[in-house]
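Okay, so here's the structure we're looking at.
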Amino acid sequence: MASQTVTKHRQIGLTDEQVLEMYTIMLKARRYDERALLIQRSGKTAFHISGIGQETAQVAAAFALQKQHDYFCPYYRDYGVVLSAGMTLHELMLLSFVKAEDVNAGRQMPAHFSHRKHHIVTGSSPVSTQVLHAVGIALSAVMDQEDRVAFTSFGEGSSNQGDVHEAFNFAGVFKLPVIFMCENNQYAISIPAHRQVAGRVVDRAAGYGFPGVRVDGNDPLEVYQAVKEARERAVRGAGPTLIEAMLYRISPHSTADDDMIYRTKEEVEYHKEQDGIQKFRAYLLECGVLDEELDRSVNEEVMRELNEATKYADKAPYPSPEDALKHVYAEDGGGI
Amino acid sequence: MASQTVTKHRQIGLTDEQVLEMYTIMLKARRYDERALLIQRSGKTAFHISGIGQETAQVAAAFALQKQHDYFCPYYRDYGVVLSAGMTLHELMLLSFVKAEDVNAGRQMPAHFSHRKHHIVTGSSPVSTQVLHAVGIALSAVMDQEDRVAFTSFGEGSSNQGDVHEAFNFAGVFKLPVIFMCENNQYAISIPAHRQVAGRVVDRAAGYGFPGVRVDGNDPLEVYQAVKEARERAVRGAGPTLIEAMLYRISPHSTADDDMIYRTKEEVEYHKEQDGIQKFRAYLLECGVLDEELDRSVNEEVMRELNEATKYADKAPYPSPEDALKHVYAEDGGGI
Amino acid sequence: MSMLKTGVAYKMAIMTYLEAIRSAMSEEMERDENVFVLGEDVGKGGVMNATKGMRDRFGERRVLDTPLAESAIVGVAIGAAMVGKKPIAEIQFADFIFPAANQIISEAAKIRYRSNNDWQCPIVIRAPYGATGGGGLYHSQCPEAVFFGTPGLKIVAPSSAYDAKGLLKAALRDGDPVLFFEHKKCYLYVSDEVPDEDYTVPIGKAAVKREGDDITVISYGMTVHHVLKAAEEVQKEGISAHVLDLRTLQPLDVPAILEAAAKTGKVMIVHEDNKTGGVGAEVAAIISEHKLYELDVPIMRLCAPDVPAVGMAPTLEKFYLPNADKVRDAMRLLAEM
Amino acid sequence: MSMLKTGVAYKMAIMTYLEAIRSAMSEEMERDENVFVLGEDVGKGGVMNATKGMRDRFGERRVLDTPLAESAIVGVAIGAAMVGKKPIAEIQFADFIFPAANQIISEAAKIRYRSNNDWQCPIVIRAPYGATGGGGLYHSQCPEAVFFGTPGLKIVAPSSAYDAKGLLKAALRDGDPVLFFEHKKCYLYVSDEVPDEDYTVPIGKAAVKREGDDITVISYGMTVHHVLKAAEEVQKEGISAHVLDLRTLQPLDVPAILEAAAKTGKVMIVHEDNKTGGVGAEVAAIISEHKLYELDVPIMRLCAPDVPAVGMAPTLEKFYLPNADKVRDAMRLLAEM
Ligand SMILES: Cc1ncc(C[n+]2csc(CCOP(=O)(O)OP(=O)(O)O)c2C)c(N)n1
Ligand SMILES: Cc1ncc(C[n+]2csc(CCOP(=O)(O)OP(=O)(O)O)c2C)c(N)n1
Ligand SMILES: [Mg+2]
Ligand SMILES: [Mg+2]
């Protein structure tokens, strides 16, 4: 499948199978995203928040980590992260449709991920709280002398919350195995990054005595390599790393937002052309990991899975009303 | 009074009268501090928190600012700041004794400064909240196109609160006329700075796109110059500056603390020898601003003032009990 | 449209609760140049459209887009307020007010008291709260009880456009920090007559929304509308409900509460916030302290159940939220007791 | 010392409330290696000496000095708890808990519920609260009402050494977040018998501290001692007071409250927190909902006045705080009603 010369992905330790899987998951994330929007528009779901334009960085980061071993504290656009960590389109669709079988049993908005089996930590809406949770998870890894890391991501707007600073400092003082990834998609709702962030997010790491790395978020191999190195640093006790992935939020903030109030179509179109998935596809074609036929079948398989997931979730029942009363506290008091 | 050659303080724009006044206020702060400790030990007051070792930086910083024009958001050790800004020993003693005539009318602990006339903003115990207030005051100066700055100080431990980060970023985005001064006295209660602060406080400024300057806090001329430059930057619209003044907390954290649990007598003794006031005295003697006789009379005058203040505050009445009910809200609803 | 009030003809216009809020802000900004709004995305109009068009009118300094940091929004507002500004700090959703809890509780609420009146902190914090449908756990909360009982704060929660405008103006002329809770469901669902002329609604005064003799229902915010609707329904069955809208949660209008309770001796309190520790508890406690002998039956509370917040699925949402049907059933029960 | 209890002889020792807390932590750390303490200055023993000697015994990893940042202390504890640790997050003074409000209210309280039991958050947050004399506005607060009424949290506030130890152990074996309020005045002022053997006091159960027939007084924390002292005094005048210590504030022990209230029909609630919106409001509301017909007189509340917090000057402090004399006078009033 691969070309004769040593490809870039092999040089950084990724097999052909892995890059193909990465590509497949990027597609899943993209197709899921497009579908979720349609479903929302049709009135069947209440809300969608899109990750389009960020899938490459998300999938690449997650592939540099160890599934069901490392912990993931993603944020709400991280479809690429959670799909890489082990969630299925089936599960994402149940989450979108807020049905009883959803991990959250229909309690939370779409994009509020949780999956304990896959080490995906339950998320909330108030931004950046998860950044401290990741630090706590990293602390527990050190206490138990386990070689796991905690990965957390957040937007550049959210990087301004006090919790992020407190997390950086805490992790820096104890040299904890945590990877902070800022997905800098240029906007926090309507506010462009330069009106939101003084200086550069990546430069903040130095103030806490750990490295900050800025990467092209549309280049999955660059992201992968940065996260992989960060993971290596983390497990050898050298402490946290901050990665700032430069991206662009292609969609409006959410289905409740009209982005044409604060940016132009041209600007968005320009960035659409930089699409990381298309670039990655071209790369894979070029180095022979992918050909048109394989691409077609990969795409078909993704669509099949998506269609099934959609159909199932659409028909699945809502939670029963009284379920609202369940699980405020442990049923048996916890008893640990 | 001055020597023939151009002295260092004149070079940076301080007159002989000013440096003498600075020296006098440093002495006031020191003598107040020593007295307040004695009074607490005698059982007449409940609490004292000391600024010994930090007076030089405090007084120097305040002298680079404009009284009753710029705003001061000090922290609890800033006797040197508030005395320079216009508070008297009389007022500080009333605050120590929590008497009815105290600005806070005996409501707050000692060292919780407030003096609207002198633009000293009311402070509380939860650390670092004042850092955001300073940013808000700076914002109002910009809105009103007034050439005033807001000055705020905080300990290196307190620099880790989320509010400090949010303040840095907010001030950085809008290039606000605010001066952040971290009084790094090496300890936050029992925790040494290296266990408290990842990296260096001063390096954090770069992450917000504004300058950070580390100064020897025991050198008032160096501090003065840094704050003066920061003020100039601020009023010409170039934004905030972070100054980290390197100091040492000579006293235990407060009268409730036993520092010998976590540091040695030798360490403290070593730093006592670096005393900034003594160094400044030597400098003033050397350049002829001060001589032994003048020094004696300055000291006597400080003691006279202090004795009177102590006597007065000791005898002054406590607030009457029902005063506890006053000023929860504006009496007339505010009507602004 | 016009109506006669204390002998003067006022010109009135029907407007939404949301428009009322916007017009209160705009008029106060015209009136007092120290008034300004700051918050996330307020420049584009805010995610609720509360500040729509205001940046064009007042400029981006007075309709200030802030970084995404609630403690900063409130803390900066406090600083500005202390030196003479009159900031309106917008919290995008009330669910996101908690990062600012320290600035609100430790600072805003205590500045006047701790300095013995040397300083004051006249900020207004606007926080859209409550469920609109499809908001899930974190875009639907009613956090008023967290701040209720913090002396030094005033808390307002209007149910009508008239009150929203009048109370927001009063808040902006008040010398103390006011938490202004705007029910998101009211924004577009509620419209009523609002005078063209300048007016205020005093903070601390409840309003009788309906006179009645059989039962007394006390509420605030969106549930006032459920109560009024239910009152209409039970009226047909011969049950006459007296309805009091608290409007201000802190300070509570104790005389109005006691009067309303004593009027019928049968009291029900309705709010969307969960029951335990809600504002209704204090209302019940006040009544049982001062009007026990005038109570004919136990004080009832109809509130959301004691679970963290409303679920996203429609089934969960319906189960959780008070509505006119639930209120009506409870009214019948109360009347029959 | 030994005493007979359900037929078994327990060895008992007199210890202070503070020692009881320390021994509960130490024993649980021996018992379960996942238990650890984190907070500001806990290594040296904490500013209250609650963790004194524990770093020497358990090492600095399990008695972890953190940076000065409460949101981090709680947020990090939450993260660790979610993956199997059992953190005890110490807040140096309860007055400084507010920077962590978002992590407590938005996260800890909602983790189990929002994930439909997929995740849990078994942290214990210890917060020394209340006035000791000379603490002023910010070293004396009672912030329990801020968190009360947030479903998903449990809140404990013991008054005796026995309860402090037993409840802290129960909290450390609980599957949910527990806010553990330790009254600072109790630390050294209160000593009582504590078994040498392992025991727990169940969360959610109040305790009758004194049987009586004329009046019922419900309280928690330090004021329980004022109430008991006043009860002794009025006993001499022939007034027999029934005293209930809530011990757990959330969930409240509703059956115990109702039983105590019904026993005498004359109820007074006493707490150090200010009156409006305090826990006492909910207790009064519960009684007036379920036992109205058994009440002979209005429910009384004796609490601190509605001002931001206690003043530093001794005159202000004395005026503000409930004490045995004030309780005694109120008891007489209630008995005579
Ligand atoms: C504490 C808090 N405040 C406000 C919000 C509302 N909000 C949701 S997303 C968002 C913008 C986030 O921007 P950024 O961090 O850049 O992430 P992006 O959405 O661009 O991926 C805001 C303001 C929130 N969820 N939480
Ligand atoms: C939010 C908050 N948490 C904890 C405290 C308790 N406390 C008071 S001073 C202090 C240490 C402060 O250290 P640093 O900032 O270095 O200032 P320093 O006392 O050394 O001048 C602590 C933990 C507090 N006042 N506020
Ligand atoms: Mg963004
Ligand atoms: Mg320090």
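Chains as they are written, first to last, in our numbering: chain Z, 1 to 336; chain X, 1001 to 1336; chain H, 2001 to 2337; chain U, 3001 to 3337. Where a beta carbon is used, it is the ideal one built from N, C-alpha and C, also for glycine.
- Return the chain-ordered list of same chain residues with a C-beta closer than 7 Å to the C-beta of glutamate 305 of chain Z, the five sequence neighbours on each side being excluded. Leu89
- Message: Quick check on the burial criterion: 16 or more other C-beta atoms within 10 angstroms. Buried or exposed for serine 1096 of chain X?
- Response: Looking at its Cβ environment, which holds 16 or more other Cβ atoms inside 10 Å, serine 1096 of chain X is buried.
- Item | Beta carbon of isoleucine 1025 of chain X nearer than 8 Å to that of glycine 1086 of chain X | no
- Message: Using only the alpha-carbon positions, how far apart do leucine 3018 of chain U and valine 3307 of chain U sit?
- Response: 29 Å
- Message: Is the separation between the beta-carbon of alanine 2024 of chain H and that of lysine 2165 of chain H shorter than 8 Å?
- Response: yes
- Query: Of the residues X/Val1019, X/Gly1013 and X/Ile1012, which one's Cα is nearest the Cα of valine 1289 of chain X?
  - Reply: X/Val1019
- Task: Mind checking the region 163 to 186 of chain Z against chain X and listing, in chain order, the residues whose C-beta falls within less than 9 Å of any C-beta there?
- Result: The region 163 to 186 of chain Z vs chain X, Cβ under 9 Å: Asp163, Val164, His165, Glu166, Phe168, Asn169, Phe170, Ala171, Gly172, Val173, Phe174 and Lys175.
- Item | Alpha-carbon to alpha-carbon, glutamine 1196 of chain X and isoleucine 336 of chain Z | In this predicted model, isoleucine 336 of chain Z has a pLDDT of only 48, less than 50, meaning its place in the structure is not dependable enough to derive any value.
- Establish whether the CB of arginine 3247 of chain U and some CB of chain H are separated by less than 8 Å. no
- Item | Which residues DSSP lists as bridging asparagine 184 of chain Z, in chain order | Z/Met246
- Task: Compute the Euclidean distance between the alpha carbons of alanine 1134 of chain X and asparagine 184 of chain Z, then round it to the nearest angstrom.
- Result: 29 Å
- For glutamine 3250 of chain U, which three-state DSSP category applies? strand
- Query: Which residues in the same chain as serine 3 of chain Z place their Cβ atom closer than 6 Å to its Cβ, once the five residues preceding and following it in sequence are excluded?
  - Reply: At serine 3 of chain Z, the pLDDT of 46 sits below 50, so the modelled position is not reliable; the number obtained from the coordinates is stated separately. Taken in chain order, the residues that qualify are Cys287 and Gly288.
- Span separating the alpha-carbon of glycine 2079 of chain H from that of aspartate 3214 of chain U: 53 Å
- Item | Within chain Z, partners of arginine 1195 of chain X - CB distance below 8 Å | Val173
- What is the residue span of the beta strand (DSSP E) that threonine 3216 of chain U lies within? 3215 to 3219
- Task: For glutamate 267 of chain Z, write down the residues that DSSP places opposite it in a beta bridge.
- Result: DSSP, once it has assigned bridges, lists no residue as partnering glutamate 267 of chain Z.
- Query: Quick one: does the C-beta of alanine 1188 of chain X sit closer than 7 Å to a heavy atom of ligand 2?
  - Reply: yes
- Proximal residues of chain X, C-beta to C-beta of serine 2106 of chain H below 7 Å: Ser1124, Pro1126 and Thr1129
- Message: Rounded to the nearest angstrom, what separates valine 127 of chain Z and serine 158 of chain Z at their Cα positions?
- Response: 6 Å
- Message: Which complete beta strand (DSSP E) runs does the region 2129 to 2189 of chain H hold, if anything under 3 residues is left out?
- Response: The DSSP assignment places 2154 to 2156 and 2178 to 2183 as complete runs of the beta strand (DSSP E) inside the region 2129 to 2189 of chain H, in order along the chain (cut-off: 3 residues).
- Item | lysine 2184 of chain H versus H/Ala2256, H/Leu2258 and H/Tyr2129, residue with shortest Cα-Cα distance | Closest option to lysine 2184 of chain H, Cα to Cα, is H/Tyr2129.
- Query: Got a sec: which bits of the region 310 to 328 of chain Z sit with their beta carbon under 8 Å from any beta carbon on chain U, in order along the chain?
  - Reply: Lys326, His327 and Val328
- Task: Could you tell me the boundaries of the beta strand (DSSP E) in which arginine 3210 of chain U lies?
- Result: 3207 to 3210
- Query: Can you give the beta carbon distance from glutamine 1130 of chain X to cysteine 1073 of chain X, rounded, assuming they're within the 8 Å contact cut?
  - Reply: 4 Å
- Rounded straight-line distance, which links the Cα of glycine 1212 of chain X to that of proline 2122 of chain H: Going by the C-alpha atoms only, they are around 33 Å apart.
- Of all the CB atoms in chain U, is at least one closer than 8 Å to the CB of histidine 2271 of chain H? For histidine 2271 of chain H, the answer is no, since every Cβ of chain U falls outside 8 Å of its Cβ.
- Query: Just the Cα atoms here: how many angstroms apart are methionine 2337 of chain H and valine 2297 of chain H?
  - Reply: 7 Å
- In terms of residues, what are the limits of the alpha helix (DSSP H) holding glycine 157 of chain Z? Careful: glycine 157 of chain Z lies outside any alpha helix (DSSP H) and carries neither H nor E.
- Message: I want to see whether chain C comes within less than 8 Å of lysine 3044 of chain U, judged by CB atoms only; does it?
- Response: Among the chains of the structure shown, chain C does not appear; the protein chains present are Z, X, H and U.
- Is there a Cβ from chain X that is less than 8 Å from the Cβ of tyrosine 75 of chain Z? no
- Item | Residue burial classification, tyrosine 2113 of chain H (beta-carbon count within 10 angstroms, cutoff 16) | The residue in question, tyrosine 2113 of chain H, is buried, as its Cβ has 16 or more Cβ neighbours within 10 Å.
- Task: Check whether the region 2239 to 2254 of chain H touches the region 2150 to 2168 of chain H, counting contact only when three or more Cβ pairs, one atom from each stretch, lie closer than 8 Å.
- Result: yes
- Task: Report buried or exposed for methionine 109 of chain Z, applying the criterion of at least 16 other Cβ atoms within 10 angstroms of its Cβ.
- Result: buried
- Query: Anyone know if the C-beta pair for glutamate 2182 of chain H and arginine 2126 of chain H falls short of 8 Å?
  - Reply: yes
- Task: Would you kindly work out how many angstroms separate the C-alpha atoms of glutamine 1186 of chain X and glycine 2149 of chain H, rounded to a whole number?
- Result: 39 Å
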